[in-house]
């Protein structure tokens, strides 16, 4: 009954008219920006982050969360209607777009909206049970355990976002190194500031996020020069009763899968979608039709997406360690507002915590009652030509960077990271792990130094403590598996080459699957 | 410039050396009393290893060309820096107008009347930010 009491307390905070307004604004603006080509949740949140600076803390967090779900939903809308492949809703492109080709756009959008609602509701129940419980567990964590947990996060995020351990890990490490810029907290020594006084406090997160995700994306889209044809089809939203009944089982399965995968380190919406889609393909009543554009193909993944988006708040709010790049950005936003996420957040700011949980559900309701029926109007965003859009996005990047410290010098840093982000894009390196590394870097260093201080310089502490030993064993097993997979693959490729002299190119092209 | 995997490895090595050599300037200390240089040095070494591994791996992978379009990124960066400079020395409204005009060179077709419309719209948004949302923008 504690939980009901807590949730009621949360709704008391979430249902004030200001917070409702912030939630609605966040959902709508998030959806609109999330719809724009090339802007996934990360870019959307970083562009809209400045909007929350002048809002009171509770409202700001609620609005940010609203922006996140809105962006997530906007992403799936553009995937369903126009097959714009965003990193965060690749799966929605498969069946969703096939449904559009069949003329069932409205049904697909309705399914996505309702499944999101179901997924979100299940996730909130999970969240209100597990977050306080995990918060208790977090008190058992020592510095060495925190280190190991962050390393697990790095490895998982690297693998999940890039599919390639080396590339992702290298980006995490670059992020950690960038996090070193500024004053060392232990000795007061200024590191890597090159004598610039404005670097003494470190590089601003907003500069990195806007540079790597906003500016680099804009430039990539300009390079591609592909004008998209706006969606002009009819949208008939309401399904028939038998159609509606088909949504439920698939959505419930997706919610459970998504809620679980959202909690794991490196987890989050993307991997949850794939898992839910794969499970639906195995166990659904209509499994043979999935892939041709059926309700189940959309419902399961949409529910998993939304559920994982919410439960990925659990590690952030109860342990204080973000598990993916979006959560790292959220953590930075929390810190900008003066809240340190972690085991003490639930006890120290119960109004914020439970208010946020309740507002997640309110945000869900807004998505269903506001965004789903109005989706045809939202789609007119695509009628704006890119020539108008990109100066506006640039403008928001500038204002966003400037208003963190009211400092114009920060814009130069954003420009620099725009260049770096563009180089990353051209080298095929995904900057999302960099953001996680940047946020976790200082925490990793602090806990690492503290752990070694406790153990008087002996690395044994990392293997004698049960929690960190288990986590490190997971990493070791993972790395060993990756190396073995790569060796086996290159051997097979070599064998193929030796057998068939002409099969050179084929073997090399095959090497795309698991790589170290 | 025709092997993206190799370039990636070289890029990683360059970053790791830049940070690693920088770390040597600071006190390293011992493991039980780490100085400010120890942690960045360790991370740089790890990154160096990954960079070397990437180069080794690039020998086993198909060569992919690296494309780099200097024009668009240069224009975008110039419009950002121009915005900051003009805002600092003149006022932010002038900065916005400069940014819109400069950035639209990247868009393909340049149109003065459209640029004026965009600039007016953005200045209006900036005014809303300043007056209603309490942003501290030095607009005029």
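Protein chains in written order, with the numbering used here: chain C, 2 to 517; chain X, 1282 to 1421. Even for Gly, the Cβ is constructed at its ideal location relative to N, Cα and C.
Counting along the chain, residue 1288/X sits inside the alpha helix (DSSP H) bounded by residues 1285 to 1305. Beyond the five residues adjoining it in sequence on each side, residue 298/C comes within less than 6 angstroms, by CB distance, of 96 and 291 in the same chain, given in chain order.
Under the Cβ distance rule, residue 244/C does not count among the residues neighbouring chain X, no pair being separated by less than 8 angstroms. For residue 492/C, the nearest beta carbon of chain X is not closer than 8 angstroms to its own beta carbon. Between the alpha carbons of residue 1320/X and residue 173/C lies a gap of roughly 15 angstroms.
Under the Cβ criterion of 8 angstroms, residue 317/C is not counted among the residues facing chain X. With contacts defined as CB atoms closer than 8 angstroms, residue 94/C and residue 216/C fail to qualify as a contacting pair. Under DSSP, residue 184/C forms a beta bridge with 191/C. Residues of the stretch 418 to 441 of chain C with a C-beta atom less than 8 angstroms from some C-beta of chain X are 419, 420, 423, 424, 427, 428, 429 and 430, listed in chain order. Judged by beta-carbon spacing, residue 69/C lies within the 8 angstroms limit of residue 327/C, meaning their Cβ atoms are closer than that value. In terms of beta-carbon proximity, residue 466/C stays away from the interface with chain X, with every pair separated by 8 angstroms or more. Counting the other Cβ atoms within 10 Å of the Cβ of residue 141/C gives fewer than 16, which makes it exposed. In this structure the stretch 362 to 378 of chain C touches the stretch 107 to 120 of chain C; the number of beta carbon pairs closer than 8 angstroms is three or more. Within the same chain, Cβ atoms closer than 8 angstroms to the Cβ of residue 408/C are found at 199, the five residues on either side in sequence being excluded. DSSP links residue 1315/X through a beta bridge to 1310/X. Residues of chain C whose Cβ lies closer than 7 angstroms to the Cβ of residue 1368/X are, in chain order, 409.
Excluding sequence positions up to five before and after residue 338/C, its CB lies within less than 6 angstroms of the CB of 58 and 61, all in the same chain and listed in chain order. Proximity of residue 1333/X to chain C, defined by a Cβ-Cβ separation below 8 angstroms, is not satisfied. For residue 250/C, the enclosing alpha helix (DSSP H) stretches over residues 242 to 264. Neighbours of residue 1296/X across chain C, judged by C-beta separation under 8 angstroms: 175 and 178. Sequence-ordered contacts of the stretch 1403 to 1420 of chain X with chain C read 1403, 1406, 1407, 1410, 1414, 1415, 1416, 1417 and 1418 [C-beta pairs closer than 8 angstroms]. Here the alpha carbon of residue 1355/X sits roughly 9 angstroms from the alpha carbon of residue 220/C. Straight-line measurement puts the Cα of residue 325/C at about 30 angstroms from the Cα of residue 1353/X. Look at the beta carbons and you see the stretch 1333 to 1346 of chain X touching the stretch 1286 to 1295 of chain X: at least three pairs across the two are nearer than 8 angstroms.
If you check the CB distance, residue 1403/X and residue 393/C come in under 8 angstroms. Taking a Cβ-Cβ cut-off of 9 angstroms, residue 33/C has no neighbours in chain X, whose nearest Cβ is about 14 angstroms from it. In this structure, residue 1318/X sits near residue 1305/X, with a CB-CB distance shorter than 8 angstroms. In the DSSP assignment, residue 17/C falls outside any alpha helix (DSSP H) and carries neither an H nor an E.
Contact annotation: residue 364/C and residue 309/C have beta-carbon atoms that are not nearer than 8 angstroms. With contact defined as three or more Cβ pairs closer than 8 angstroms, the stretch 302 to 318 of chain C and the stretch 120 to 136 of chain C are in contact.
Listed along the chain, the chain C residues whose CB falls inside 7 angstroms of the CB of residue 1327/X are 174.
Non-local beta-carbon contacts of residue 340/C in its own chain, meaning distances under 7 angstroms to residues more than five positions away in sequence, involve 58, 346, 350 and 353 in chain order.
Here the alpha carbon of residue 499/C sits roughly 15 angstroms from the alpha carbon of residue 489/C. Taking C-alpha positions only, residue 187/C is separated from residue 317/C by approximately 25 angstroms.
For residue 1350/X, the nearest CB of chain C lies under 8 angstroms from its own CB, placing it at the interface with that chain. For residue 123/C, the enclosing alpha helix (DSSP H) begins and ends at 106 to 139.
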